[in-house]
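Notes for the one structure printed next.
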């Protein structure tokens with residue numbers, strides 16, 4: 001019990017309740033502000049994604065697409081590099097097309113930047129045999145252009 005200063009238990013409890021209510025109001029206000037900021041940020045992201053002209057952005061940075069390279073590594077193994085325009089669902093279509101054509105991708109790396117997608121991978125044909133690198137390069141280029 002405090003002595004002097006006129007503080008009694010009732011006053012201390014009343015002050016504590018008032019202080020706790022003020023803290024709760026501050027928490028609610030800050031939470032509301034945070035939710036509003038997150039919603040605004042999400043809306044800006046949606047707008048920015050739609051406003052991005054991937055082709056224009058790539059030209060600005062000197063990225064030429066589509067760019068396809070295929071190099072024979074060993075026997076039936078190839079190393080491929082594909083640079084294409086970033087499009088919604090484009091990467092999925094590319095990987096599905098490669099799989100349907102019988103390419104077994106390993107050690108794959110995917111990077112996106114400046115409106116472009118870079119895919120590098122080692123691959124081996126599922127059907128065996130020595131690959132015709134020029135035909136595969138032409139086929140990959142056709143796939144990328146169709147996406």
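Residue numbers (the UniProt record's numbering): 1 to 147. Beta carbons are placed, not taken as given, at the ideal position from N, Cα and C, and that holds for glycine.
About 5 Å separates the beta carbons of residue 81 and residue 120, which is inside the 8 Å limit, making them a contact pair. In the structure shown, the three-state DSSP call for residue 76 is coil. Secondary-structure assignment with DSSP links residue 124 through a beta bridge to 77, 104. In the DSSP assignment, residue 134 falls within the alpha helix (DSSP H) that extends over 133-146. The C-beta of residue 27 has fewer than 16 other C-beta atoms within 10 Å across all chains shown, which makes the residue exposed. Within 10 angstroms of the beta-carbon of residue 18 lie fewer than 16 other beta-carbons, which makes it exposed.
If you draw a straight line from the Cα of residue 139 to the Cα of residue 131, it comes to about 12 Å. By the C-beta density criterion, residue 10 is exposed, having fewer than 16 other C-beta atoms within 10 angstroms. Contact annotation: residue 117 and residue 90 have beta-carbon atoms nearer than 8 Å. C-alpha of residue 83 to C-alpha of residue 99: approximately 18 Å in a straight line.
In this structure, residue 122 and residue 107 form a Cβ contact; the two beta carbons are roughly 5 Å apart against a cut-off of 8 Å.
Minimum Cα-Cα distance from residue 75 among the listed residues 69, 124, 40, 115 corresponds to 124. The beta carbon of residue 112 lies closer than 8 Å to those of 86, 118 in the same chain, with the five residues before and after it left out.
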